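Student:
Numbering (the numbering used here), first residue to last: 51 to 501.
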């Protein structure tokens with residue numbers, strides 16, 4: 051590993067050599083620095099059991115790694131301290147304020163590629179630090195060229211666009227950016243549905259450097275001509291697989307058509323199904339492929355458990371678990387919005403503090419449910435998959451699948467809410483007799499056996 055260089059003076063603007071330092075420390079074999087957007091020539095509590103191995107034809111197996119030039123990163127790769135990487139001192143202050151001390155594997159792999167101007171497809175386990183993997187290099191590159199407040203050369207226009215599938219994920223990305231940019235002149239704005247457009251319109255018309263948006267609401271602003279994307283240098287698609295699963299791809303395509311063709315694109319996803327692979331060929335230019343650990347797998351710190359229980363007894367099992375066995379916050383996944391309300395209501399009737407989270411709740415109700423869960427006001431949160439996308443709450447002790455997930459990818463996304471940042475986690479799936487074949491398919495596709 052290369053020796054760290056001298057820390058930049060806080061009053062100075064980082065230079066190309068400073069960016070090279072980040073790449074050199076993380077990746078000694080990296081090429082010389084390039085400006086953002088430029089590319090090389092050429093472009094582009096029970097006991098589990100095993101069941102039969104056959105799976106229903108409707109059950110989608112996890113996608114294998116395509117035959118592409120993957121950069122495979124060891125999930126146990128040692129961290130590099132951020133203060134050794136030569137980031138802008140203002141950005142380093144943001145790292146410290148958020149408690150970030152060293153790179154995680156996906157960050158160590160992606161940051162030098164992004165600083166070098168490459169498009170990137172990064173496939174990593176949920177909870178591995180993907181937000182900082184794209185936020186850190188984008189902010190570093192923006193600070194390299196961006197004048198400070200009061201500088202006559204400073205212009206207010208959008209330079210980076212981050213798309214996320216849900217409001218909750220957009221809010222969490224925005225919260226991270228607020229902390230990272232606190233000591234910088236970089237401005238950000240969240241754009242998502244469920245709230246009035248007026249405040250968002252005023253923020254966008256005033257000019258922001260980074261927009262964090264859900265596709266649907268951003269399309270609303272584009273139709274109202276309240277946002278200008280013609281000078282966007284960076285596009286990030288976070289949780290790309292779910293964005294496509296949820297039917298946002300037509301909107302994403304329209305948004306991309308409004309962006310400069312020479313933008314830099316970073317695509318992040320916990321899984322990489324065939325649809326993503328095909329669409330990435332259309333939207334990315336000669337991307338670098340980064341894989342951290344096992345593709346499509348859940349974190350190795352999670353203890354997986356299967357409980358055989360009749361459908362009619364699941365509520366009682368869950369209530370007993372929450373009262374007697376849970377040693378921390380419990381996140382319960384259900385298939386439907388009606389199911390989320392029903393399960394939460396039954397738990398409350400059994401004197402368990404619980405809340406429901408689903409798309410039919412108002413934005414205020416959803417935020418209240420998430421904050422109540424985060425603060426411990428109600429230790430049980432019952433959620434649908436879409437509502438819980440991107441839910442990033444530290445210390446979730448248990449994830450309960452009230453029903454067997456409909457695909458291995460869904461299982462990975464669900465259980466990825468626990469066992470984050472190297473902490474231990476616990477995932478329980480309640481399996482009724484008529485769900486046993488689906489559960490066997492999950493185990494076979496992901497390659498593990500629950501206890």
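For glycine and all other residues, C-beta sits at the position ideal for the given N, C-alpha and C. Please read these numbers as outputs of a predicted model, since none were measured by experiment.
At a cut of 8 Å, does the stretch 203-222 reach the stretch 290-297 through at least three beta carbon pairs?
Tutor: yes
Student: At 3 residues or longer, what runs of the beta strand (DSSP E) sit wholly inside the stretch 119-156?
Tutor: 120-123
Student: With DSSP collapsed to three states, give me the class of residue 427.
Tutor: coil
Student: For residue 339, which option in 171, 159, 363 has the closest C-alpha, if you only look at C-alpha atoms?
Tutor: 171
Student: What are the boundary residues of the beta strand (DSSP E) that includes residue 212?
Tutor: 210-213
Student: Secondary structure at residue 411, three-state DSSP: helix, strand or coil?
Tutor: Three-state DSSP puts residue 411 in coil, outside helix and strand.
Student: Using CA atoms only, rank isn't needed, just tell me which of 127, 228, 484, 322 is closest to residue 289.
Tutor: 322
Student: Does the stretch 304-315 come close enough to the stretch 261-269 that 3 or more CB-CB pairs lie under 8 Å?
Tutor: yes
Student: State the CB to CB distance for the pair residue 210 and residue 263, rounded to an integer number of angstroms; the pair is presumed to be in contact (CB under 8 Å).
Tutor: Residue 210 to residue 263, Cβ: 11 Å. No contact.
Student: Using C-beta distances below 8 Å, list every residue in its chain close to residue 396, excluding the 5 sequence neighbours before and after it, in chain order.
Tutor: 365, 369
Student: Skipping 5 residues on each side, what residues in its chain have a beta carbon closer than 6 Å to that of residue 206?
Tutor: 257
Student: Per DSSP, which residues does residue 353 bridge with? Please list them.
Tutor: 476
Student: Per the DSSP calculation, residue 448 is bridged to which residue(s)?
Tutor: 380, 476
Student: Return yes when the Cβ of residue 419 is within less than 8 Å of the Cβ of residue 406, no when it is not.
Tutor: yes
Student: Identify the residues that DSSP records as bridge partners of residue 339: which are they?
Tutor: 120, 171
Student: Is any beta-carbon of chain D found at less than 8 Å from that of residue 299?
Tutor: In the structure shown, chain D does not exist; there is a single protein chain.
Student: Classify residue 114 as buried or exposed, calling it buried when 16 or more other Cβ atoms lie within 10 Å of its own Cβ.
Tutor: Low confidence applies to residue 114: its pLDDT is 48, below 50, so where it sits in the model is not reliable, and the reading given next is rough at best. So residue 114 ends up on the exposed side.
Student: What residue range does the beta strand (DSSP E) around residue 319 cover?
Tutor: 314-319
Student: Would residue 488 be called buried (16 or more neighbouring beta carbons within 10 Å of its own) or exposed?
Tutor: buried
Student: So, at 8 Å on beta carbons, what are the nonlocal neighbours of residue 447 in its own chain, with the 5 sequence-adjacent residues on each side left out?
Tutor: Here the set comprises 376, 377, 378, 379, 380, 468, 475, 476.
Student: Going by beta carbon distance, what residues of the same chain come within less than 7 Å of residue 394, once the five residues before and after it are set aside?
Tutor: 404, 405, 406, 432
Student: Which partner residues does residue 240 have in the DSSP bridge list?
Tutor: 262
Student: In angstroms with no decimal places, state the Cα-to-Cα distance between residue 478 and residue 159.
Tutor: 32 Å
Student: Taking just the CA atoms, how far does residue 150 sit from residue 128?
Tutor: 14 Å
Student: Just how far apart, CA to CA, sit residue 426 and residue 330?
Tutor: 40 Å
Student: Go ahead and pull the three-state DSSP assignment for residue 245.
Tutor: coil
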